[in-house]
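Trainee: Counted from 1, the sequence shown has number 227 at position 207 by the working numbering; the numbering is strictly sequential. For every residue, glycine included, the Cβ atom is placed at its ideal position computed from N, Cα and C.
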Amino acid sequence: MSQRGHKRKRSLQDSPVDLSKMRMALNRLEALTEELDGIEETEEELRTILDHVLALENILKGAKKPRATFSTVASEDLKKAGVMRKRLIFEHAKVTELAKGLTTNAEAEIADLYSRIKKIYARVNMDYEPGSRMILDAILLALAEIASAEHRGVAILPELRIAQGDGVQIAHPVSGHELWLSGHVDYAVIEYEDVSDYKDRLLGPGGSRDDAFDIAKGRLFLVVEAKCQSLEQTFVSYIPEAVSQAIALLKSANLPEVRFCLSNGQTWIFFVLKSENGKLTYYESATRRLSREVVENSDMPLREIVQLLCEWLRPTAIGLFALE
21 MSQRGHKRKR SLQDSPVDLS KMRMALNRLE ALTEELDGIE ETEEELRTIL DHVLALENIL
81 KGAKKPRATF STVASEDLKK AGVMRKRLIF EHAKVTELAK GLTTNAEAEI ADLYSRIKKI
141 YARVNMDYEP GSRMILDAIL LALAEIASAE HRGVAILPEL RIAQGDGVQI AHPVSGHELW
201 LSGHVDYAVI EYEDVSDYKD RLLGPGGSRD DAFDIAKGRL FLVVEAKCQS LEQTFVSYIP
261 EAVSQAIALL KSANLPEVRF CLSNGQTWIF FVLKSENGKL TYYESATRRL SREVVENSDM
321 PLREIVQLLC EWLRPTAIGL FALE
């Protein structure tokens, strides 16, 4: 009978630790605790197990090389890795000017989109995730139609993997604390020159997405979906996931700046991520809303959001926002 070889002990500070698995285990344990709540025979044992798991999580948080998937990244992880948050403030007059300066094609697309969204609100129960996603998908498709032009196309790539292998590394410039990010981005929106075989590479059946960044030449942005929310998980709780996706894109494509949005279709936040002097800073706007009441009252908020999305894909406006 063969004996197992002796496995050398490792230091927590020298070993990469996958925090995603720890957090998934903790979530499942908490769900089990809720399900068995009030059952006398399991109450004490579950409490003991949960205390041990929480203690283990606190120990693992001290790891110097934590790994996490986008969906499990927390604000604390980003702060430890030196990522800073600041404000993005839109100039109201400039946004209004954008919304009123639509092309004939854009006017027709937004009129159709406005009608479609009103129909969604009239026919679909919005208490569930698919309802909001119908609005998000309709807006992105309209954006692609509006932003496409002669010799230029727009491709929407859902579930684009941008962090292969161990993931993308970021590190605090002073402490050296590392964070390794991996996963898929919800939606990458790419503008490309409609030449050669670019369209087939991006949109053809079975086509490879490995060339997406080269084809885009920096003309792209991300839309991160805030999925089904609950009392425990609010809209803004998805911001760390959105920021981590943007960081992975910035690092993978070697870009100085990435624009991205967080949305559930009904609520939108716009962001700019910048890499300056070795430091990562994301700038966050106030929320913009497309609720049932807002849409029924006017199409202007929809016009503004669509035009801002066009700007996020192909920046042209001067003085549209300030970074503070």
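Report back the beta-carbon spacing between cysteine 281 and alanine 167 to the nearest angstrom; my notes put them in contact at under 8 angstroms.
Mentor: The pair is not a contact, with the Cβ atoms about 14 angstroms apart (cut-off 8 angstroms).
Trainee: Quick check: alanine 342 and isoleucine 109, are their CB atoms within less than 7 angstroms of each other?
Mentor: Against a cut-off of 7 angstroms, the Cβ pair of isoleucine 109 and alanine 342 comes out as a contact.
Trainee: Can you find the residues in the same chain that come closer than 7 angstroms, C-beta to C-beta, to histidine 192, ignoring five residues on each side of it along the sequence?
Mentor: Lys100, Ala101, Gly102
Trainee: Determine the direct distance from the alpha carbon of histidine 197 to that of lysine 120, and round the result to whole angstroms.
Mentor: 47 angstroms
Trainee: Report the three-state DSSP secondary structure of leucine 269 (helix, strand or coil).
Mentor: Looking at leucine 269 - three-state DSSP - the assignment turns out to be helix.
Trainee: In the DSSP assignment, what residue or residues form a beta bridge with tyrosine 14?
Mentor: Absent from the structure is residue 14, since the part of the chain shown begins at 21 and ends at 344.
Trainee: Any idea if asparagine 284 is buried or exposed, counting beta-carbon neighbours within 10 angstroms, 16 or more meaning buried?
Mentor: buried
Trainee: Using the C-alpha atoms, what's the distance from glutamate 316 back to alanine 20?
Mentor: The displayed coordinates of the chain run from 21 to 344. Any statement about residue 20 would go beyond what the structure contains.
Trainee: Spell out the partners DSSP gives tyrosine 303 in its beta bridges.
Mentor: Lys106, Val292
Trainee: Using a 10 Å radius around the Cβ and a threshold of 16 neighbouring Cβ atoms, would you call tyrosine 303 buried or exposed?
Mentor: So tyrosine 303 ends up on the buried side.
Trainee: Flag arginine 181 as yes if its beta-carbon sits less than 7 angstroms from any beta-carbon of chain D, otherwise no.
Mentor: Absent from the structure: chain D. Only one protein chain is present.
Trainee: So is alanine 131 buried or exposed if we call it buried at 16+ other beta carbons inside 10 Å?
Mentor: exposed
Trainee: What first and last residue would you give for the beta strand (DSSP E) that runs through valine 278?
Mentor: Taken as a continuous stretch (DSSP letters only), the beta strand (DSSP E) holding valine 278 covers 277-283.
Trainee: Is isoleucine 190 helix, strand or coil when you go by DSSP?
Mentor: strand
Trainee: Going by CA-CA distance only, name the one from His171, Arg136, Glu179, Asn145 that's closest to alanine 158.
Mentor: Arg136
Trainee: Buried or exposed, going by whether 16 or more other CB atoms sit within 10 Å of the CB of valine 188?
Mentor: Burial call: buried.
Trainee: Pull up the distance between the alpha-carbon of leucine 293 and that of valine 278, whole angstroms please.
Mentor: 5 angstroms
Trainee: Might you give, ordered along the chain, the residues of its own chain that have their beta carbon closer than 7 angstroms to the beta carbon of aspartate 238, omitting 5 neighbours on each side?
Mentor: Aspartate is not the amino acid found at residue 238; the sequence shown has glycine there. For glycine 238, same chain residues with a beta-carbon under 7 angstroms away, outside a window of 5 residues either side, are Leu275 in chain order.
Trainee: From the DSSP output, read off the bridge partner residues of serine 311.
Mentor: BP columns for serine 311 are empty, so no partner.
Trainee: Can you give the Cα-Cα distance for tyrosine 212 and serine 257, rounded to whole angstroms?
Mentor: Computed Cα separation, rounded: 32 angstroms.
Trainee: So, helix, strand or coil for leucine 32, using DSSP?
Mentor: Because the pLDDT of leucine 32 is 48, which lies under 50, any placement of that residue in the model is unreliable, and the number read from its coordinates should be weighed accordingly. If DSSP states are grouped into helix, strand and coil, leucine 32 belongs with the helices.
Trainee: Mind checking which residues open and close the beta strand (DSSP E) that includes leucine 343?
Mentor: 341-343
Trainee: Nearest to aspartate 230 by alpha carbon, out of Asp214, Ser195, Val215, Leu177?
Mentor: Leu177
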